[in-house]
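In numbering that gives the first Met the number 0, the protein residues as written are 0 to 419.
Here's the structure, in structure tokens; my notes come after.
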Amino acid sequence: MPALSLIALVRVTGPEAAGQVIFAQSVANLGFLLCDPCLENAAQRFVPVEQRRSGRGYALFLRLLRLDAGIGLAATSVALVAVLGAWLAGLASDVLALLLALSVVGRGATAPYGTATAGFALADRLQVSGMLRVLGALLSFVLSLAGLFAGGPLFYLAGQAVAALLMAAGFCLLASRAAARTLGACRGGTPPLPAGIFRFTLSTSIGTSVASVSDFGILAVAGPVGGPPLVTILKIAMAPGRFYANLAIPVAAMLYPRLAQAAAHGAGEAGVRRDITRATLLLAAAGAVTAVLAIPALGTVIAIAYGREYAGTGTVAVLLLGAACVKGIACWSNVLPLAMGRPGWRLVYLSTEAALLVGTLLVAGRVTSGALATALPFAWGTLVIAVLGTSFWIMSLGRLIRPCPDLGTPTAERVAARQT
0 MPALSLIALV RVTGPEAAGQ VIFAQSVANL GFLLCDPCLE NAAQRFVPVE
50 QRRSGRGYAL FLRLLRLDAG IGLAATSVAL VAVLGAWLAG LASDVLALLL
100 ALSVVGRGAT APYGTATAGF ALADRLQVSG MLRVLGALLS FVLSLAGLFA
150 GGPLFYLAGQ AVAALLMAAG FCLLASRAAA RTLGACRGGT PPLPAGIFRF
200 TLSTSIGTSV ASVSDFGILA VAGPVGGPPL VTILKIAMAP GRFYANLAIP
250 VAAMLYPRLA QAAAHGAGEA GVRRDITRAT LLLAAAGAVT AVLAIPALGT
300 VIAIAYGREY AGTGTVAVLL LGAACVKGIA CWSNVLPLAM GRPGWRLVYL
350 STEAALLVGT LLVAGRVTSG ALATALPFAW GTLVIAVLGT SFWIMSLGRL
400 IRPCPDLGTP TAERVAARQT
């Protein structure tokens with residue numbers, strides 16, 4: 000549905016206007032990801048520990064959900080003030096300022112989605128979460144297209160913002176109820192934040208912010224490098240890879256609560272290795288089938304969907320889809336370090352990957368001229384980086400799943416464990 004929305008946006012408004020919309024959305028997404036505490040990771044890591052220790056896991060989850068929503072609201076307010084300041088200072092035109100403001104509101108509404116999804120995972124209701132996301136995508140698709148045909152790009156973003164606000168309310172409410180049924184109602188008051196949660200959250204949030212460079216950040220960097228035409232081409236070329244990633248990411252989402260529960264209860268390495276191996280083989284087969292079926296027809300499909308002027312984008316899309324298929328093989332790398340209490344591994348890797356991707360785009364923009372000519376070497380570099388990164392995670396699996404001190408275990412329990 001997002002791909003269909005993008006097709007309609009490009010077809011109706013043209014590459015320049017579509018590039019401005021995509022750029023505004025990318026800047027808003029990047030800004031929120033830079034200040035997102037990623038409390039969903041902390042929830043899945045620490046709520047099982049708190050539930051086992053005191054039976055107040057739901058109270059801790061509820062506290063994290065409310066904190067996430069409050070941070071999102073504060074970030075939205077700050078971002079709107081920043082957009083207003085840029086407009087008053089003449090740094091943004093009237094149209095760009097409105098595009099940025101609507102993008103900020105739409106993105107801010109999704110701030111508590113992650114922690115709410117963690118609630119569904121803790122309640123073993125990921126299927127419900129998936130159904131709600133499909134309904135949300137459908138609602139956003141309908142309202143954004145209605146706005147696009149009624150009033151152009153501004154109404155397109157307004158429709159997405161309204162859909163995001165409606166879904167945020169329902170998503171958080173249903174997630175809270177699901178977690179309450181599984182973990183039990185609040186009892187004994189709200190527990191204090193567990194020891195180690197700030198260090199864990201800082202590392203994971205920085206890692207997620209850095210990871211955003213691989214997607215929204217690249218589009219934000221592409222604006223100054225090649226202008227709206229390069230932004231539009233990269234957005235179109237990234238769509239097939241993003242579509243495949245949306246099929247692979249849920250595998251990691253399903254693995255995370257299993258791995259976190261195993262770590263919280265001191266399970267052995269055999270079960271973790273079995274789950275990771277099965278996921279790797281499954282996604283390797285899925286990636287191979289996707290590449291064989293999609294790559295030969297991708298250029299033709301893009302030309303039909305977006306117009307013959309984008310036929311050359313097919314080669315870029317093929318390379319980026321190949322990179323997504325390769326990265327999908329080790330999609331568990333995004334959650335395994337967190338579940339095993341080693342968020343530093345993820346942070347270092349994502350920082351390296353982001354630096355390489357941005358460097359590749361800047362070099363491509365420097366040595367080439369033209370949007371398509373810049374996108375092609377960037378796509379080749381992305382594929383090479385994906386191959387190297389996946390190889391690193393597979394070779395590091397043995398070291399990564401070794402037992403380590405439990406960040407969620409209270410200090411007294413750790414002392415007793417050492418004495419025993």
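Backbone N, C-alpha and C define an ideal beta-carbon position, used for all residues, glycine too.
DSSP on residue i, reduced to helix/strand/coil?
{"i": "S395", "result": "coil"}
{"i": "T389", "result": "helix"}
{"i": "D123", "result": "coil"}
{"i": "G183", "result": "coil"}
{"i": "G54", "result": "coil"}
{"i": "A88", "result": "coil"}
{"i": "D35", "result": "coil"}
{"i": "S350", "result": "helix"}
{"i": "S368", "result": "coil"}
Can you check which of these residues, the options, is closest to residue i by C-alpha distance?
{"i": "P249", "options": "A259, A261, A278", "result": "A278"}
{"i": "A378", "options": "A236, G54, S128", "result": "A236"}
{"i": "T207", "options": "Y155, F31, G298", "result": "F31"}
{"i": "G113", "options": "S53, S175, A85", "result": "S175"}
{"i": "L79", "options": "L63, C171, L97, L66", "result": "L97"}
{"i": "M130", "options": "M394, L173, E308, S53", "result": "L173"}
{"i": "G313", "options": "R257, A338, I6, P239", "result": "P239"}
{"i": "T109", "options": "R132, V82, S4", "result": "R132"}
{"i": "V317", "options": "A293, A68, Y305", "result": "A293"}
{"i": "V82", "options": "V26, A251, L61", "result": "V26"}
{"i": "S143", "options": "M0, V362, L375, G84", "result": "M0"}
{"i": "T181", "options": "A269, P47, G358, A372", "result": "P47"}
{"i": "G56", "options": "G13, R65, A42", "result": "A42"}
{"i": "L59", "options": "P223, L5, E39, A88", "result": "E39"}
{"i": "L121", "options": "V20, Y255, R307", "result": "Y255"}
Near residue i, which residues of its chain fall below 7 Å by C-beta distance, leaving aside the five closest residues on each side in sequence?
{"i": "A370", "result": "G225, P228, L229, I232"}
{"i": "I466", "result": "With the chain covering 0 to 419 only, the question about residue 466 has no answer from this structure."}
{"i": "I217", "result": "L233, L356, L360"}
{"i": "G343", "result": "S202"}
{"i": "A2", "result": "A238, F242"}
{"i": "P336", "result": "P342, W344, R345, L399"}
{"i": "V271", "result": "L258, A261, I400"}
Between which residues of its own chain and residue i is the CB-CB distance below 6 Å, once the five residues before and five after are set aside?
{"i": "S128", "result": "T116, F119"}
{"i": "R124", "result": "A177"}
{"i": "G18", "result": "P227, V230, T231"}
{"i": "F22", "result": "G222, V230"}
Among the residues of its own chain, which have a CB less than 8 Å from the CB of residue i, if the five just before and after it don't count?
{"i": "L138", "result": "A162, L165, M166"}
{"i": "F391", "result": "Y348"}
{"i": "L382", "result": "L318, L319, G321, A322, V325"}
Would you grab the beta carbon distance between residue i and residue j for me? Rounded to a whole angstrom, and I think it's under 8 Å.
{"i": "C330", "j": "Y243", "result": "Contact flag wrong, Cβ pair sits at about 10 Å."}
{"i": "A461", "j": "I301", "result": "One cannot answer for residue 461 here, as it falls past the ends of the chain, which runs 0 to 419."}
State buried or exposed for residue i, treating a residue as buried only when at least 16 other CB atoms are found within 10 Å of its CB.
{"i": "T299", "result": "exposed"}
{"i": "F276", "result": "According to the sequence shown, residue 276 is Thr rather than Phe. Result: exposed."}
{"i": "T200", "result": "buried"}
{"i": "Q126", "result": "exposed"}
{"i": "F45", "result": "buried"}
{"i": "G69", "result": "exposed"}
{"i": "G388", "result": "buried"}
{"i": "E49", "result": "buried"}
{"i": "T408", "result": "For T408, the predicted structure reports a pLDDT of 43, less than 50, and the residue's modelled location is therefore unreliable. The matter cannot be settled from this model."}
{"i": "S204", "result": "buried"}
{"i": "L5", "result": "buried"}
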